[in-house]
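In what follows, a single structure is set out as structure tokens and then discussed.
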């Protein structure tokens, strides 16, 4: 609704001067007094007239409306309307009426002066029945009414949850509706028009009858458990180690399922300094020990005998007697010798001697009493095989080669497989206010055509060629640039992201021989698929 204010509350127009502050010719002194009013004043008067017309129109429209009272979910509002029916009135208020909503009087009722319209909106419900989800609207106030309205049967053994909380009784009142904001259109005064009821989540899992044959006893349990093991656990049916349930405890519970439980006999075993208390369905001692995975040695003593009948609470004792000779061996790493070969091309290698690991052996005498290690004595130690040195020849012959590139023909003396990444002044990890920002190790301005290298592999100042990047100067280093890793320089505006293995060509002429690293590092290592 438009709010009208007094003249003293009119907003000030920025840049406008009061009428008194303008130098207009007094009306009594100017024959053209109609033209003496400033332009800004005439615009202001026109604006006031327009506001007056709008105000009068709105007041007239409001005054001719029919007064009614609308109550939605207990919140009332008095207003005027020009709609002819209750349906039109609610539509005018931006309210969508659901078929389960209660509207009094009916939607087709004509609107008359003083009419009171009451709306009780049905709450949305998400109903999960045995894993199948349904959506509905309901006026129910208790869980029983809700299930009856949905046509879902129930029993005292069913598992029911409302908004994730278990419900013990069907007559428990449903929780009060929770309102949340919505973007539903409506008049500003209608607080309920800006709120919606959050859906109520109801989950019901129907109990399934399960017939159990437990030894000589037979009974029926009704459960909502998903597996046989969970159903027995809920009914506090204790299963011991060695008991057998068929079908397996992880089997899914389905209607008509029958469960058979075969009970075991309790007994204990003293072996290897410990006592094992367990249960078994075996009939003699030997089978029971085999079921436990207890391996008997030829000198072991078992009481009672292996053929004795297994009775409840029987105790079986095992005494271990053993003596063993144990041999241990360890490898001896072979050394590596690098031999230069001036007739072998650089970066070529030749294995002259393959090399072989050595072997050292040790002999122990171990004595065990009843499974406990009593002593372990070193009796002898010897080198069974001496290691053989691995001899690798590496090339020192430099051969100049020519490569045709988009930039022209180049002559290179070495090609190195390297991991190429990229960087720019802003990604180099140097602060903008640092004097070294945008500068390389040699003091050059960082740009495309400058690369960072490991100076122990590629000499600073060398020229290189990288396919897809072009000719470049090795003029920078980096804390993470080690071994066969090269960082390609760019300006910030033309930075390209690189992370791939490429062949890097070192252009002629080669450096002095004493400055050449003949054996390349093996890091980082390219993993080929």
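In this note's numbering, the protein residues as written are 1 to 529. Every residue, glycine too, gets a C-beta built ideally from N, C-alpha and C.
- Restricted to the segment 68 to 144, the alpha helix (DSSP H) segments that are unbroken, complete and at least 4 residues in length are 86 to 92, listed in chain order.
- If you draw a straight line from the Cα of residue 479 to the Cα of residue 454, it comes to about 9 Å.
- Of the residues assessed, residue 53 falls on the exposed side of the cut-off, its CB having fewer than 16 other CB atoms within 10 angstroms.
- For residue 233, the enclosing alpha helix (DSSP H) begins and ends at 228 to 234.
- Following the DSSP letters along the chain, one finds residue 452 inside the beta strand (DSSP E) bounded by residues 450 to 452.
- Per the coordinates, the alpha-carbon of residue 421 lies some 11 Å from the alpha-carbon of residue 469.
- In the three-state reduction of the DSSP assignment, residue 433 falls in the coil class, being assigned neither a helical nor a strand state.
- With 16 or more other Cβ atoms from the protein chains shown falling within 10 Å of its own Cβ, residue 485 counts as buried.
- 288 is the residue among 259, 319, 288, 379 whose C-alpha sits nearest the C-alpha of residue 311.
- Taking 3 residues as the shortest admissible run, the segment 381 to 407 contains the following complete beta strand (DSSP E) segments, listed from N- to C-terminal end: 390 to 397, 401 to 405.
- DSSP places residue 425 in the helix class (H, G or I) of the three-state scheme.
- Not a single unbroken stretch of the alpha helix (DSSP H) spanning 4 or more residues falls wholly within the segment 229 to 289.
- Residue 47 sits exposed, since fewer than 16 C-beta atoms from the chains shown fall within 10 Å of its C-beta.
- In the assembly as shown, residue 402 is an exposed residue. Its beta-carbon has fewer than 16 other beta-carbons within 10 Å.
- For residue 387 against residue 332, the beta-carbon gap comes to about 5 Å, under 8 Å, which counts as contact.
- A distance below 7 Å separates the beta carbons of residue 416 and residue 504.
- Distance from the CA atom of residue 261 to the CA atom of residue 318, rounded to whole angstroms, is 31 Å.
- Non-local beta-carbon contacts of residue 521 in its own chain, meaning distances under 6 Å to residues more than five positions away in sequence, involve 483 in chain order.
- Beta-bridge partners assigned by DSSP to residue 314: 267.
- In the displayed model, residue 497 falls within coil according to three-state DSSP, outside both helix and strand.
- Here residue 47 carries a helix assignment [DSSP, helix/strand/coil].
- Contact between the segment 295 to 313 and the segment 236 to 256 is absent: fewer than three C-beta pairs spanning the two stretches fall below 8 Å.
- The residue among 273, 277, 259, 258 with its C-alpha nearest the C-alpha of residue 267 is 277.
- Listed as beta-bridge partners of residue 364 by DSSP are 326, 378.
- Between residue 97 and residue 90 the beta-carbon gap is near 6 Å, inside 8 Å, which marks them as a contact.
- For residue 503, the beta-bridge partners assigned by DSSP are 417.
- The continuous beta strand (DSSP E) containing residue 209 extends over residues 208 to 214.
- Contact check for residue 146 against residue 167 fails: the beta carbons are separated by 7 Å or more.
- Pairing residue 451 with residue 391 gives a Cβ-Cβ distance that is not under 7 Å.
- Taking C-beta atoms under 8 Å as the contact rule, residue 211 and residue 220 qualify, at a distance of about 5 Å.
- The beta carbons of residue 394 and residue 519 sit about 6 Å from each other, so the pair counts as a contact at 8 Å.
- Only residues of its own chain outside the window of five on either side were considered, and among them 283, 284 have a CB closer than 7 Å to the CB of residue 309, listed in chain order.
- Within the same chain, and ignoring the five residues on either side of residue 128 in sequence, the residues whose Cβ sits closer than 6 Å to its Cβ are 203.
- For residue 41, the three-state secondary structure derived from DSSP is helix.
- Shortest Cα-Cα distance from residue 305 to any of 286, 323, 215, 159 involves 286.
- By the Cβ criterion, the segment 359 to 379 is in contact with the segment 321 to 336, since at least three pairs of Cβ atoms, one from each stretch, lie closer than 8 Å.
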